[in-house]
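Okay, so the sequence shown: first residue is 1 according to UniProt numbering, each after it adds one. One structure is given below, encoded as C-alpha cells.
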Amino acid sequence: MRKIILASHGSMAEGVLSAAKMIMGDCEEIQALGLDHYESPTEIARRIERQVTAEPDCDFMIFCDIHGGSVHNQLTELCRYPNVYLVGGMTLSMILECHLNVQDISTMELLENAVQSAKDTITVLSHKQAVEQIEKGMEDDVLW
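Shown next as C-alpha cells:
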C-alpha cells in the first residue's frame with residue numbers, strides 16, 4: 001500500500017490537491033499539509049511521523065514544494081524510516097502519475113518515473129513558437 005502526502009509553504013499543497021481532485025475526482029488517500037495551517041515545519045513532520053510509525057507496511061510518498069526549503073529540510077529526517085520517500089519540487093503531473101499508476105513496480109521506481117516525466121514536460125513557449133503552432137492548427141489541449 002502507498003500513501004501520498006503533499007507538504008508546502010503557504011497553501012500550495014492544498015492547491016495541488018484541489019487541482020488533482022478536479023481531474024481525478026475523489027482523492028481521499030492524498031493528504032495536503034500546508035505550513036499556513038501549522039506552527040512550524042516540525043509540527044508537520046511530527047504529524048506525518050505518527051502515520052509512518054503506525055503503518056510500517058505502507059510506503060509514504062511525500063512531495064514538497066521546494067527542495068531545500070524549510071518544510072523539505074524538516075521532512076528529510078523522516079527518510080530514516082525505510083518506508084518514506086521524499087520528493088522536492090512537486091508538480092501536479094507527478095501527483096497524478098503516482099496516484100493513477102497501477103503498474104507493479106517499486107515505490108522508488110514509480111517516483112523516479114514520475115520525476116523524469118515531470119522534467120520531460122516542463123517547457124518554455126515563446127511568442128514566435130506559439131504563433132507558429134497556432135498557425136499550423138494545433139489543438140488547444142495539445143498546445144497548452
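All residues carry an ideal CB built from backbone N, CA and C; glycine is no exception.
Cβ-Cβ distance between residue i and residue j below 8 Å
{"i": "residue 159", "j": "Ile48", "result": "Since the first residue shown for the chain is 1 and the last is 144, residue 159 is missing from the structure and cannot be characterised."}
{"i": "Ile30", "j": "Ile4", "result": "yes"}
{"i": "Gln74", "j": "Ala54", "result": "no"}
Which of helix, strand or coil DSSP assigns to residue i
{"i": "Ser40", "result": "coil"}
{"i": "Asp104", "result": "coil"}
{"i": "Val84", "result": "strand"}
{"i": "Ile122", "result": "coil"}
{"i": "Lys128", "result": "helix"}
{"i": "Gly69", "result": "coil"}
{"i": "Ser18", "result": "helix"}
{"i": "Ala45", "result": "helix"}
Neighbourhood of residue i by C-beta, 7 Å cutoff - its chain only, sequence neighbours within 5 removed
{"i": "Val115", "result": "Val87, Met94"}
{"i": "Pro56", "result": "Asn83"}
{"i": "Thr107", "result": "Arg2, Asp59, Met61, Tyr85"}
According to DSSP, residues forming a beta bridge with residue i
{"i": "Arg2", "result": "Asp59"}
{"i": "Ile30", "result": "Ile4"}
{"i": "Cys64", "result": "Ala7, Gly88"}
Supposed close pair residue i, residue j - CB separation, criterion 8 Å
{"i": "residue 148", "j": "Ser8", "result": "Any property of residue 148 remains undetermined from this structure, which presents the chain solely from 1 to 144."}
{"i": "Ala32", "j": "Leu92", "result": "Wrong, their Cβ atoms sit about 12 Å apart, outside the cutoff."}
{"i": "Asp65", "j": "Met22", "result": "Between Met22 and Asp65 the Cβ distance is about 19 Å, and since that is not below 8 Å, they are no contact."}
{"i": "Met90", "j": "Leu6", "result": "6 Å"}
{"i": "Met24", "j": "Leu96", "result": "7 Å"}
{"i": "His127", "j": "Cys27", "result": "No, His127 and Cys27 are not in contact; Cβ-Cβ is about 36 Å, not under 8 Å."}
Contact set for residue i: own chain, Cβ-Cβ below 6 Å, skip 5 residues either direction
{"i": "Ile80", "result": "A small correction: the amino acid at residue 80 is Arg; Ile does not occupy that position in the sequence shown. Closer than 6 Å at the Cβ level, and outside the excluded window around Arg80, lies no residue."}
Neighbourhood of residue i by C-beta distance below 8 Å, restricted to the same chain and skipping five residues each side
{"i": "Thr76", "result": "Leu86"}
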